[in-house]
Structure formats: structure tokens, C-alpha cells
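What follows is one structure encoded as C-alpha cells, with my remarks underneath.
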Amino acid sequence: MTDTARSPHAATASGLPLAGAPAPSATLLEARDLVVRFGGVVALNGASLTIPRQGITGIVGPNGAGKSTLFDVLAGVRRPSAGAVHFNGRDITGAALHRRAHLGIARSFQIARELDGLSVLENVLLASLDHPGDKLWRVFLTPWQVKREEDRLIERALGLLDRVKLRRLADEPAGVLSGGQKKLLELARALMLDPALVLLDEPAAGVNPLLIDELCAFILTLKAEGTAFAIVEHNMDVVAALCDRVYVLADGAVLTTGTFDEIVADARVMDAYLGQQA
Ligand SMILES: Nc1ncnc2c1ncn2[C@@H]1O[C@H](COP(=O)(O)OP(=O)(O)O)[C@@H](O)[C@H]1O
Ligand SMILES: [Mg+2]
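For the sequence shown, position 73 matches number 275 in this note's numbering, and the numbering has no gaps at all.
Below, the structure written as C-alpha cells:
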């Protein structure tokens, strides 16, 4: 990232590990044997996956495979009836959204219609409210310090808007943005808290091809800067362009995992996709 704020997740600003802290493992998030049922439907049936600290992990699979449910469990929107999620070695299975945000997990979520009237900049600033620590802090700050903190957040938000090429629209209502620009705004918003892991649900859906390229380029830049991603995506060109490793879900469990080239060469994957149309 552009500042040193991302270092608390693993190391000090100097880049050295915190004294006494164990060396960070290559695994950032680990989900084990997740089960989610909706009445008689088993949406997740023992799904497990590992998200490394570096790189982009894709989650694909036919309709109804459990992708969205898995995403919701990782994001903290849905609690599994069995299984566990560990982040940085810590059990976060039941941790609420704001707790995950605090630990360094961000998810993109659609700009709610009610927020269309707020400016593009305000929409990004809203993300900082997800950080309960910020609100508590304010109690102990002088008005001058609060002002300085607000200036810092505005600066950060404008910097992110710059990076997604939306800064010139900062004062426009979010409602004027195209579908693709909204996705970029959602990404900027997810980045506001300087996450270690960003969860993206269908980032390319409804985005025009030119903006898809821009979106992918930006995600790859963030990856190079050290942000890890987990992405659910239907557009296989996007999966191929972005993902270092892909998990294929079918019937609520992991069918196989590998590089994009490996999974497309796997006959079972084709069968799973064809099976959905039967
Ligand atoms: N809120 C829900 N209530 C009932 N069934 C659900 C709900 N969400 C998902 N399901 C069911 O769980 C299964 C997995 O759904 P989902 O996770 O949305 O799959 P995907 O995102 O891969 O298409 C499907 O059979 C779906 O119909
Ligand atoms: Mg889905």
C-alpha cells in the first residue's frame, strides 16, 4: 500500500517481525470442513480451503455449488453449523463483520441504493466506520486531533479514488457511476481499512470489458503490493488472468484445486459444469 499502515498484520513498520511473535506462516486463512444447511438443502458439505498470505485464490463451480455460501462464511455473514475458519492462526468462525475488519479481512459489497445519493468520496469514507476501534478512539481525542484524523481519512480515501481513477468524480453522487465504476468504488471502499485479505464476490459481473481490464490490472497491482485476495467469479477469462490457485466447488465440497490450467484440464471439472445443465 501507499503507507505503512498495513504492517500491523504481520510485522513492524521496519518490516521486521514483532518481537516474540511467531514467524508468520504462508497460510493466511484456513477453512476446515465447513457445513451449512438451509432446511433440507446442504449448501456446504465439508468444504475446506486454504488462502495463502500471497496471491489470488479463485473459487469457481457450477450454479448451486455453494460458492456464495462459502464466501458468506469467510466474510462472517453466515455461521457454519460445523467446521472452523482460522485467520492468522486465530479461530474466527463466529467473529462478527467488524471484528474481521479489525483483524484485516475486507469484503466488497454492493453499494446499497440508499447510498447512491452520497458522494463517491463519502461512500469510501463510510468504510472507515466499520472499524470500531476508530470510533472508540475518538472519545479520547481532542477536537484538533479528531480533525487531523478526519483529514488523514479523507486523504487516504482520495488516494484510493485516485488509484481507481474515480477521483475526479469524488464529489458526484455515487448514483451517477456506471456498473463498472461502482465495482471500482466498492474495491476502493474495501481497501480503506488496509486489509490483509480482500474477499471479492463476482468483481467482473456487469462490468464492461474495458473496465474489466482496468479492474484486473488494479487487483494485480494490489497483489504485487502484498494484498491477498479470494475471488468468486464466473468469468473464466478473469479467473485465468488473476488467480494463482483455483478451488472448484461442487455439491458443497471442494472437487479439486490447482492452477487454472490444471483445473480446466481436469475431466471431473467439465463433468461438474455439464452436470448442472442435466
Ligand atoms: N438463503 C438460502 N435459503 C435456502 N437455500 C439456499 C440459500 N442460499 C443458498 N441456498 C441453496 O444452497 C445451495 C448453494 O447455494 P449457493 O451458495 O448460492 O451456490 P452458488 O453461489 O455456488 O451458486 C443451493 O442449492 C441453493 O439453492
Ligand atoms: Mg452464488
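For each residue, glycine too, the CB sits at the ideal point set by N, CA and C.
Please read all numbers here as calculations on a predicted model, not as lab measurements.
Item: Could you please go through the chain and list the residues whose beta-carbon is closer than 6 Å to any non-hydrogen atom of ligand 1?; Value: F240, V243, A245, G263, N265, G266, A267, G268, K269, S270, T271
Item: What does the Cβ neighbour count give for A467, buried or exposed, with the cut at 16 atoms within 10 Å?; Value: exposed
Item: If you drop the 5 nearest sequence neighbours on each side, which residues of the same chain put their C-beta closer than 8 Å to that of K367?; Value: L386, E416
Item: Report yes or no: do the stretch 357-371 and the stretch 296-305 share at least 3 C-beta pairs separated by less than 8 Å?; Value: no
Item: Which one of K384, L317, K425 has the shortest CA to CA distance from A406?; Value: K384
Item: Let's see if you can read the secondary structure: which residues bound the alpha helix (DSSP H) around T423?; Value: 411-426
Item: Determine the burial state of G377: buried for a count of at least 16 other Cβ atoms within 10 Å of its Cβ, exposed for fewer.; Value: exposed
Item: For I253, does the three-state DSSP call read helix, strand or coil?; Value: strand
Item: May I have the straight-line CA-CA distance separating G278 from R302, to the nearest angstrom?; Value: 7 Å
Item: Let me check understanding here. Comparing Cα to Cα, which of A390, V237, G241, Q256 lies closest to N290?; Value: Q256
Item: Buried or exposed, going by whether 16 or more other CB atoms sit within 10 Å of the CB of I465?; Value: buried
Item: What residue range does the beta strand (DSSP E) around E232 cover?; Value: 229-240
Item: Just to confirm the assignment: which complete beta strand (DSSP E) runs, minimum length 3, are found wholly within the stretch 296-324?; Value: 307-309
Item: For a minimum of 3 consecutive residues, which ranges assigned as the beta strand (DSSP E) are wholly contained in the stretch 342-418?; Value: 399-403
Item: Check whether the Cβ of S250 lies closer than 6 Å to any heavy atom of ligand 4, and answer yes or no.; Value: Ligand 4 is not part of this structure, which contains only ligand 1 and ligand 2.
Item: Determine, using beta carbons only, whether T229 and L246 come nearer to each other than 7 Å.; Value: no
Item: Tell me whether A426 is buried or exposed, calling it buried when 16 or more other Cβ atoms sit within 10 Å of its Cβ.; Value: exposed
Item: Entirely within the stretch 422-468 and at least 3 residues each: give me those beta strand (DSSP E) ranges in chain order.; Value: 430-434, 447-452, 455-460
Item: Does the distance from the CB of L395 to the CB of G263 come in under 7 Å?; Value: no
Item: Which same chain residues end up closer than 6 Å to G382 when comparing Cβ atoms and leaving out the 5 residues on each side of it in sequence?; Value: V409, N410, L413
Item: On the three-state DSSP scale, how would you describe V471?; Value: helix
Item: Who are the near neighbours of R470 in its chain, counting only those whose CB is closer than 7 Å to its CB and skipping five residues on each side?; Value: L457, T458
Item: CA-CA distance, N437 and D403?; Value: 12 Å
Item: Return the residue from the list D318, V440, L476 that minimises the CA-CA distance to C418.; Value: V440
Item: Among residues of its own chain, excluding the 5 on either side of P334, which ones have a beta-carbon nearer than 8 Å to its beta-carbon?; Value: Model confidence at P334 stands at a pLDDT of 48, short of 50, so the residue's coordinates are unreliable and nothing is read from them.
Item: Could you name the residues of the same chain whose beta carbon sits closer than 6 Å to that of V287, not counting the 5 residues immediately before and after it, in chain order?; Value: A233, I294, T295
Item: Could you name the residues of the same chain whose beta carbon sits closer than 6 Å to that of Y475, not counting the 5 residues immediately before and after it, in chain order?; Value: P264
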